[in-house]
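Just so you know, the sequence shown maps onto residues 4 to 175 in my numbering. C-beta: ideal position from N, C-alpha, C; glycine also. All of these numbers come straight from a predicted model, not from anything done at the bench. Worksheet: the structure to be examined is printed underneath.
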Amino acid sequence: MTEEQSTIEAILAGADRYEELVRAYHVGLIIHCEHLVGDRDDAEDIAQEAFVKAYLQLKSFKAEKARFSTWLYRIATNLAIDFLRKNKRRVDVDDIELIAEATMPTYLEDDERQSIIQAVIDLQPPEFRRVVEAYFWEGKSYQEIADAEHIPLNTVRSRLRRAKLQLKGRLS
């Protein structure tokens, strides 16, 4: 068990140690949020909201599925996307791969990047999400996806194209 996991277990048992997690991730989370929304004040608000939401939902955190930082950054990313939608700010993206480059700082580890991209992909309708995940996460070819989903090859191409457009629309 890591020190972070023991801290989380102590918090769940009633210990007043959440500030340790806040101190560990506060600066990086604000930088991440600022990169997403483009404004320091909004980023600080979103980061604060992410910490509050994470604290309130800490019982649902599954250490065996992801690290706390991955989970926290996913919460913050979802909040940033909601903020951008609510404020109708436009984020220009042409491809899911560009989202990874445009919205995530380089200091994030691969699993954190994947978690953030997944949060955005989760907004897609199921039939698009399955195709996008198979293509980008699993590295399957169009034909492999068509076979697995029992759909024509051109449908795979079409769904990927439409998913990218919908994704662009959701972030604007």
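Note on Q127: 16 or more other CB atoms within 10 angstroms of its CB, so buried under the neighbour-count rule.
Take the alpha-carbon of I124 and the one of A151: they are about 19 Å apart. The alpha-carbon of L32 is positioned some 21 Å away from that of K62. Proximity to H35 across E136, I78, H153 peaks at I78, based on C-alpha coordinates.
Boundaries of the alpha helix (DSSP H) around R88: 71-89.
About 5 Å separates the CB atoms of E37 and R43; that is less than 8 Å, so the two are in contact.
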